[in-house]
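Residue numbers (the numbering used here): 3 to 244.
Note that CB positions come from ideal geometry on N, CA and C, so glycine has one too.
This structure is a prediction, so every number in the text was calculated from the model and none was measured.
Down below is the structure, laid out as structure tokens.
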Amino acid sequence: MNFDNKLGLGLVFIMTLIFSSPFGQSSNIPHLCEGFVEKNDLRIPVPKDGMQKLAGGVTEVEFNEAIDLVEQVYASIFSKKGKRLKVKKLWSNDQVNAVAYTEGGFAVVEIWGGLGRHSTATPDAITLITCHEVGHHLGGSPKMTDQASGAWASVEGQSDYFATLKCLRKVFSKDIDAWSGSVDRTARAKCEDSHGVNTHDAKVCMRIAMASMASAKLSAALSGSQAPSFDSHDSSVVTKTY
């Protein structure tokens, strides 16, 4: 596919500046790449039967299906690279986060149920988060260098880059013609400018954009910061990224 690199970088820019963070969820798991979102104490338990949709977020079925989309594509890719992927869909876990780590010869990805039950979560946001955690294993350099276990994990921004440029494009391209999600008008315009009106690539671009926005809104809600917008730009200048 001939995707426009500027647009891909733009999506990564939204993700990296708004919700990548050096603050992770602490854990005793060895060789851990810490949490997807900021460290938080929020707990969202499994609701009583029939109450999930009233609370917002995704259902257990949607949660599992969103994660399966990534596992179905990447299990064989890990195998070809001589690695073994283990994806843990922990719906009963009330914590609002996700992690990647290596253990017992497996590249492990854990997605915790509290994340899916957050009111801002969408199925595509869960898919993106799964892609991000896979990106810690496959995203390449630059890698984290402050881990006792060694530099095995791609840094947060690189995992975001992998998630949108590589993983989501593979996953969403499979059934994009059946997708009918709502699209922000600015995102639609940018995608159509780059890929044409009503084209396969434009639809993939829009779906990635909306998944990115949902994930960014989740992080903004958890950190108490302003919700992001495709029409506003962060003028902050930093000298170093995590």
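Notebook entry, point to check: What number of angstroms, rounded off, separates the C-alpha of Leu-44 from the C-alpha of Leu-117?
Noted result: So the two alpha carbons sit approximately 10 Å from each other.
Notebook entry, point to check: When the Cα atoms are used, what is the spatial distance from Thr-122 to Phe-108?
Noted result: It is roughly 31 Å from the alpha-carbon of Thr-122 to the alpha-carbon of Phe-108.
Check: Can you list, in chain order, the residues of its chain whose CB lies under 7 Å from that of Ser-28, leaving out five sequence neighbours each side?
Finding: At Ser-28 the pLDDT is 39, less than 50, meaning the model places this residue with poor confidence; the figure from the coordinates comes in the next sentence. Answer for Ser-28: no residue qualifies.
Notebook entry, point to check: Among the residues of its own chain, which have a CB less than 7 Å from the CB of Ala-2, if the five just before and after it don't count?
Noted result: Because the chain in this structure spans residues 3 to 244, residue 2 falls outside the shown range and cannot be described.
Checklist line | Collapsed DSSP secondary structure at Ile-178 in the structure displayed | finding: Here Ile-178 sits in helix by DSSP.
Next item on the list: Take Ala-204 and list the residues in its own chain whose beta-carbon comes closer than 7 Å to its own, dropping the five residues that flank it on each side.
Entry: For Ala-204, where only same-chain residues beyond five positions count, the Cβ hits under 7 Å are Cys-193, Glu-194, His-197, Gly-198.
Next item on the list: With a 10 Å radius around its C-beta and 16 neighbouring C-beta atoms as the bar for buried, classify Val-136 as buried or exposed.
Entry: So Val-136 ends up on the buried side.
Item checked: Backbone CA spacing between Asn-42 and Ile-79 [nearest angstrom] -> One C-alpha to the other measures close to 33 Å.
Margin query: Pull the bridge partners of Arg-45 from the DSSP assignment, please.
Written below: In the DSSP output, where bridge partners are listed per residue, Arg-45 has Gln-97.
Note to self: Does Val-185 come out as helix, strand or coil in the three-state DSSP assignment?
What the structure shows: Annotated three-state conformation of Val-185 is coil, per DSSP.
Note to self: Is the beta carbon of Val-75 closer than 8 Å to that of Lys-90?
What the structure shows: Annotated as distal: Lys-90 and Val-75, with beta-carbon spacing of 8 Å or more.
Next item on the list: Could you check if His-305 is buried or exposed, using at least 16 other CB atoms within 10 Å of its CB as the buried criterion?
Entry: The question about residue 305 has no answer, for the chain in this structure spans 3 to 244.
Next item on the list: Locate the alpha helix (DSSP H) running through Val-89, then write down its first and last residues.
Entry: According to the DSSP assignment, Val-89 belongs to no alpha helix (DSSP H) but to the beta strand (DSSP E) extending over 86-92.
Notebook entry, point to check: Considering Asp-148, what are the terminal residues of the alpha helix (DSSP H) in which it resides?
Noted result: Membership of Asp-148 in any alpha helix (DSSP H) is not indicated, and neither H nor E is assigned to it by DSSP.
Margin query: Applying the 10 Å Cβ sphere with the 16-neighbour rule, what's the burial state of Asp-191?
Written below: The residue you asked about is not Asp; residue 191 is Ala in the sequence shown. Result: exposed.
Check: If you drop the 5 nearest sequence neighbours on each side, which residues of the same chain put their C-beta closer than 8 Å to that of Asp-247?
Finding: The shown model of the chain, from 3 to 244, leaves out residue 247, and the question about it has no answer.
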